[in-house]
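Trainee: For reference, the structure I am asking about is given below.
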Amino acid sequence: MNFITSTRAELLKTKRSAAFWLSVLGALFIPAIFFLMYYFKPEVFIPMLKEDPWRIHFIRGWQSLSAFLLPMFIILICSLIPQIEFKNNTWKQVFASPQSYGNIFFSKFLTIHLMILFCFLLFTLFMIFSALLVNLFNNKFSFSDNSIDFAALFKLIFKTYVSILGISAIQYWLSLRFKNFIAPIGIGLGFLITSLIIMQWEHIFKVPYAFPILTLSSAMNNAGKWLENHELNSIGYFVVFTFIAFLDLKFRKEKG
Amino acid sequence: MTNSKIIETNNLSFSFKKGSKTLDNVNMSVTAGSIYGFLGPNGAGKTTTLRLLIGLLRNQHGSIKLFGQEFYQHRLEVLKKTGSLIEQPSLYQHLTAKENLEVYRGIYDCEKKRIGEVLELVDLNKTGSKKTKQFSLGMKQRLSIAVALLHNPELLILDEPTNGLDPNGIIETRELLKKMNRENGTTILVSSHLLPEVEKMASHVGIIHQGKLLFQGSLPELQLLKKKQTILEIETNDLPRTMDILKSKFEIQHSANIVLIPFKDNATNAAINKMLVEQGIDVYSIHSRHSDLEQLFMDITANNI
């Protein structure tokens, strides 16, 4: 009950915040570009999307998202939500209110994850909408003749979500540590670019910032497994770094 | 609850860096129903003390009791009954006044109508959809006070609540706090670096300087102390005889080769000088010396607005 109250307060704080708009615009970006591409270059995309249009549409959408934008979005959202407190000098009021450290920490983390899931949901809806819309303007597209394989779509989203768990915990910790939001974003971006460079490394499945891409390539190969090794690693990173971040917050000498 | 201690610290010490103590054995004691003015120049340790009291700093040495309970063991219970405003306003700038209060309403488990009540109390009930970032500093400060008052706390801890307010705002805030204290029996701990400000509202005063609590007592006790503080130092060639001559008329003390007597006025200084010279004593110097506390008062009162 207290935890729900704390989370409700956290969600209220995101109203009109940069974090909220980032989730909406982040979700809108790729579907909008896809719509424009399909609309202006039907000669390229109609043949490409001839067979199994929804699957190709979604895979291509998540592909564009997962490589760079998604980890970047996670880095930004994990920073923006704690930034609400830093920027407004409100940590002190939060810590002086009757909430346990656990509630403070986990309600904020849950809010971050609700924002991520909100963005995923919006992205999926915008992807469906952009395809249907282009089909409305140009009936040579075959989206309306085919049905969406929601089970496969859900699996893709689920696996992508699992793949970002590790990054989210690391970034949340960094964002709680540093008052200056440039620090966690810079560090996260550094890790992300490094991961992209070392993509061929045989131990890449241990590098959290590479997990979304690994998930996508495994999803495209139709491997069928619900949790790949790197996705299990992602859960491992998530548990370890969430624990570290919580202890760090709880035992910090100066709060707020 | 009368006469029971709402806040009690025992040998509270704190240092940010090793070797320099920000707080040094502070024994603060705040009685239920009082308005405790916590006075000291900037950097004396006021904010550090207040932050320790509500757990924003980890206690290093000594103990803190609020409502008679050890703070760290009963953090949530104690915080439920406490409202606070530490340093500058802490508000969500992208939210309206109402939304800012709504954030805390659930946490403190208050009824919805309470938001309207506190907004009216601080005269911000007509701000509507205006975002807090568009507020003036005075309005922000008042909204912060509203946040602190939201759950009708038994104890209010306010750090320089009149900072940045215009004279009118200062008077209104003062009246508001007095009213809270009078009508609801709210115990208020309010820090300030202005002696006149504290004198106008406090029933009790604590004075902190360089991390040490130099004085703690009721307002009348403070005023009594203020008068007694200046001391006259007399240096002569013959200490025993000087003391002999003066002891019939004055309360005297001596330290090393100096005679100390309470300062009265300049005419008395002249009379003492004359008396000693007439008795054939060489007077090297006579001057009045402010005690540390007096110097502190000077510092505090010099900052008058």
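If you're matching them up, the sequences are chains A and B in order. Counting from 781, one number per residue, gives the positions in the first sequence under the numbering used here. Counting from 1041, one number per residue, gives the positions in the second sequence under the numbering used here. We put the CB at the ideal spot given by N, CA and C, even for glycine.
1. Can you tell me which of the three DSSP states B:K1057 falls into?
2. Give a yes or no on whether the C-beta atoms belonging to B:L1190 and B:Y1144 are separated by under 8 Å.
3. Expressed to the nearest angstrom, what Euclidean distance is found between the alpha-carbon atoms of B:I1046 and B:L1234?
4. What three-state label does DSSP hand B:D1199 in the structure shown?
5. Indicate whether at least one CB of chain B lies closer than 8 Å to the CB of A:P878.
6. Among the residues of its own chain, which have a CB less than 7 Å from the CB of A:A1025, if the five just before and after it don't count?
7. Looking at C-alpha atoms only, which residue of A:M979, A:E823, A:K867 is the closest neighbour of A:N960?
8. Run down chain B in chain order and give the residues with a C-beta less than 9 Å from the C-beta of A:I864.
9. Please check if any C-beta of chain B sits within less than 8 Å of the C-beta of A:L792.
10. Would you kindly work out how many angstroms separate the C-alpha atoms of A:L971 and A:Y989, rounded to a whole number?
11. Does the beta-carbon distance from B:Q1256 to B:S1053 come in below 8 Å?
12. In chain order, what residues of the same chain lie with their CB nearer than 8 Å to the CB of A:I944, ignoring the 5 residues before and after it?
13. Can you tell me whether A:E865 is buried or exposed, with buried defined as 16 or more other CB within 10 angstroms of its CB?
14. Check whether chain A comes within 8 Å of B:L1092, counting only Cβ atoms and requiring the distance to be less than that.
15. Within 8 Å of any Cβ in chain B, is that where the Cβ of A:R788 sits?
16. If you measure between the beta carbons of A:Y881 and A:L1029, is that distance less than 8 Å?
17. Answer yes if the region 1269–1282 of chain B comes into contact with the region 1072–1079 of chain B, meaning at least three C-beta pairs across the two stretches below 8 Å, and no otherwise.
18. Suppose the cutoff is 7 Å on Cβ atoms and the five residues either side in sequence are ignored; what does the same chain contact list for B:S1243 look like?
19. Could you check the C-alpha separation between B:K1289 and B:I1301 for me, to the nearest Å?
20. What residues in the region 944–964 of chain A have a beta carbon less than 9 Å from any beta carbon of chain B?
21. Is A:Q980 close to chain B? Criterion is C-beta to C-beta, closer than 8 Å.
22. Any idea if B:G1115 is buried or exposed, counting beta-carbon neighbours within 10 angstroms, 16 or more meaning buried?
23. Between the Cα of B:H1327 and those of B:I1312, B:I1321, B:G1320, B:Q1319, spot the shortest distance and give me the residue it belongs to.
24. Return the chain-ordered ranges of every beta strand (DSSP E) run that is complete within the region 933–1000 of chain A and spans a minimum of 3 residues.
25. Any beta-carbon of chain A closer than 8 Å to the one on B:L1097?
26. Strictly under 8 Å for the Cβ-Cβ distance: is B:L1235 near chain A by that measure?
27. What does B:L1116 reach in chain A if we use C-beta pairs closer than 8 Å?
28. To the nearest angstrom, how far is it from the Cα of B:E1223 to the Cα of A:S786?
29. Taking 8 Å as the CB-CB limit, is A:Q843 close to chain B?
30. Suppose the cutoff is 7 Å on Cβ atoms and the five residues either side in sequence are ignored; what does the same chain contact list for A:A807 look like?
31. Output the distance between the C-alpha atoms of A:E790 and B:G1246, rounded to the nearest integer angstrom.
32. Around the Cβ of B:R1098, are there at least 16 other Cβ atoms within 10 angstroms (buried) or fewer (exposed)?
33. List the whole-angstrom C-beta distance separating A:L936 from A:S924, where the pair is believed to meet the contact cut-off of C-beta under 8 Å.
34. Going along chain B, which residues have a C-beta under 7 Å from A:R796?
Mentor: This is what the structure holds:
1. Note: B:K1057 maps to strand in three-state DSSP.
2. A contact, by the Cβ cut-off of 8 Å.
3. The C-alpha of B:I1046 lies about 24 Å from the C-alpha of B:L1234.
4. B:D1199 sits in a strand when the DSSP states are folded into three classes.
5. Interface flag for A:P878 against chain B is set, since a Cβ pair is found closer than 8 Å.
6. Exclusion of the five residues before and after A:A1025 leaves A949, Y952, W953, L956 as the residues of its chain whose Cβ lies within less than 7 Å of its Cβ.
7. The shortest C-alpha separation from A:N960 is found at A:K867.
8. Under the 9 Å cutoff, chain B gives Y1132, H1134.
9. Yes, A:L792 lies at the interface with chain B (some Cβ there is under 8 Å from its Cβ).
10. Note that residue 971 of chain A is Phe in the sequence shown here, rather than Leu. When only Cα atoms are considered, A:F971 and A:Y989 end up about 7 Å apart.
11. Here B:Q1256 is not near B:S1053, since their CB atoms are 8 Å or more apart.
12. These residues qualify, in order along the chain: L850, P851, I854, I896, F991, P992, S1014.
13. By the 10 Å Cβ count, A:E865 comes out buried.
14. B:L1092 is outside the set of residues whose beta carbon lies under 8 Å from a beta carbon in chain A.
15. For A:R788, a Cβ of chain B is located within less than 8 Å of the residue's own Cβ.
16. A contact, by the Cβ cut-off of 8 Å.
17. No: fewer than three Cβ pairs fall under 8 Å.
18. Within the same chain, B:S1243 has close Cβ partners S1074, I1075, S1258, L1259.
19. Using only the alpha carbons, I get a separation of about 10 Å.
20. If the cut-off is 9 Å between Cβ atoms, the region 944–964 of chain A has nothing near chain B.
21. At least 8 Å separates the CB of A:Q980 from every CB of chain B.
22. Before going on, a small fix: residue 1115 of chain B reads as Arg here, not Gly. Within a 10 Å sphere around the beta-carbon of B:R1115 sit 16 or more other beta-carbons, which makes this residue buried.
23. The option with the nearest alpha carbon to B:H1327 is B:I1312.
24. Scanning the region 933–1000 of chain A from its first residue to its last, no whole beta strand (DSSP E) run of 3-plus residues comes out.
25. Judged by the 8 Å Cβ criterion, B:L1097 is in contact with chain A.
26. Not one beta carbon of chain A lies nearer than 8 Å to the beta carbon of B:L1235.
27. Near B:L1116 (Cβ distances below 8 Å), the residues of chain A are P878, Q879, S880.
28. B:E1223 and A:S786: Cα-Cα distance of roughly 31 Å.
29. Residue contact with chain B for A:Q843: absent (no Cβ-Cβ distance below 8 Å to any residue of chain B).
30. The answer, listed in chain order, is C899, L902, F903, F906.
31. Whole-angstrom Cα-Cα distance: 37 Å.
32. Flag for B:R1098 reads exposed.
33. About 22 Å; that fails the 8 Å criterion.
34. Neighbours of A:R796 on chain B, chain order: H1134.
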